[in-house]
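Structure first, commentary second.
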Amino acid sequence: MHSDTEIELRMLIEAIYMKYSYDFRDYTGASQKRRVLHAMHEMGCDSISALQARIIHEPAAFSQLLQYLTIPVTSMFRDPSYFAALREQVVPVLRTYPSLKIWVAGCSTGEEVYSLAILLKEEGLLERSMLYATDINPQSLEKARQGVFPLEAMREYTQNYQQAGGLRSFSDYYTAAYNAALFDKSLCENVTFADHSLATDAVFAETHLISCRNVMIYFKKKLQERAFGLFHESLCHRGFLGLGSKESIDFSAYAPHFEPVVKRERLFRKR
């Protein structure tokens, strides 16, 4: 027997898919339920069914709900040891290519993209790199495009950057004004920000490195497999894949197609 809440939740997720083609059907239940209930209260609805009725008839309400369903939890140079491992183990290989394509899947508000751009710039690779930064949330993508982050976060980001092996002063990369840090536009000259869903869309480019971190923890097994399939298809021969600290490819059907580069940092290479 399913509870009334579970039934309502399933109907809401189905309605979102039918009306807006956003597919949350294979996202993990617990975090999804928590987010929907939070949105329901914040949006002044008495029940999930009432929320469903609103989003069916009001596209603006769906936009609002999307902000709760895709809560961006991110920071620059998050898990600094991951970026240090990229610098030490992956960059020397990337150097051997005349041009590079890098995909940041589930880029959220862009912190990871700017971190990678800074790393590539310091390693002399940014000018020959094309970065694709994709997400399903248009508002997050717009924030990423703007490259404006809270000034109070800069202390934490500076520490992360230094621990990740940064070569310069982190403040070289942004201008501070009005309690915000505006990042250097040149970092994003070769970045394409695009709407892309790992649940419904196909591969769009051959890439040398894919960084998809702290996205798959919200996916059920079936959707994880779909995402790994996309990454495998997108990566060139011997391309690299980076995952989040709580994610692994070990129990996936695609595990035999990848080998660890730095296992502890969830860095893998296509066999």
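Going by UniProt numbering, the residue at position 120 of the sequence shown is 120; the numbering climbs one at a time, nothing skipped. Here a beta-carbon is modelled for each residue, glycine too, at the ideal position from N, C-alpha and C.
- Inclusion of L267 and A15 in the CB contact set at 8 angstroms is not warranted, their separation being larger than that value.
- Under a 10 Å Cβ-count criterion, V113 is classified as buried, with 16 or more other Cβ atoms of the shown protein chains found around its own Cβ.
- Between the segment 215–233 and the segment 246–253, the count of C-beta pairs closer than 8 angstroms reaches three or more; the two stretches touch.
- Here M40 is buried: its Cβ has 16 or more other Cβ atoms, across all protein chains shown, within 10 Å.
- Counting every other CB atom within 10 Å of its CB across the protein chains shown gives M76 a total of 16 or more, marking it as buried.
- Membership of M43 in any beta strand (DSSP E) is not indicated, and neither H nor E is assigned to it by DSSP.
- If you draw a straight line from the Cα of L51 to the Cα of M43, it comes to about 8 angstroms.
- Segment contact: the segment 127–145 against the segment 96–107, three or more CB-CB distances shorter than 8 angstroms; contact assigned.
- Separation of the CB atoms of L182 and G147 is rounded to 6 angstroms, and the pair is thereby assigned contact status at 8 angstroms.
- The DSSP-derived three-state label of H257 is helix.
- Counting along the chain, the unbroken alpha helix (DSSP H) around P138 starts and ends at P138 to Q146.
- Judged by DSSP in its simplified three-state form, T109 adopts coil rather than helix or strand.
- Runs of the alpha helix (DSSP H) spanning 4 or more residues and lying entirely within the segment 131–205 occur at 138–146 and 154–163, in chain order.
- The three-state secondary structure of G124, taken from DSSP, is coil.
- Judged by DSSP secondary structure, F268 falls within the beta strand (DSSP E) whose first and last residues are L267 to K270.
- The three-state secondary structure of K246, taken from DSSP, is coil.
- In this model, G239 and A53 are separated by some 45 angstroms (Cα to Cα).
- With a contact defined as Cβ atoms closer than 8 angstroms, R155 and L119 miss out at about 20 angstroms.
- Our two residues, H232 and I210, have alpha carbons roughly 10 angstroms apart in a direct line.
- Annotation for A61: R54 and I55 place their beta carbon closer than 6 angstroms to its own, counting only its chain and skipping 5 residues before and after.
- Out of S252, K19, T5 and L151, the CA that lies nearest to the CA of R34 is found in T5.
- Leaving aside the five residues that flank D26 on each side, the residues in its chain whose CB is nearer than 7 angstroms to its CB run, in chain order, A199, F219, K220, K222 and L223.
- For L209, the enclosing beta strand (DSSP E) starts and ends at T207 to C212.
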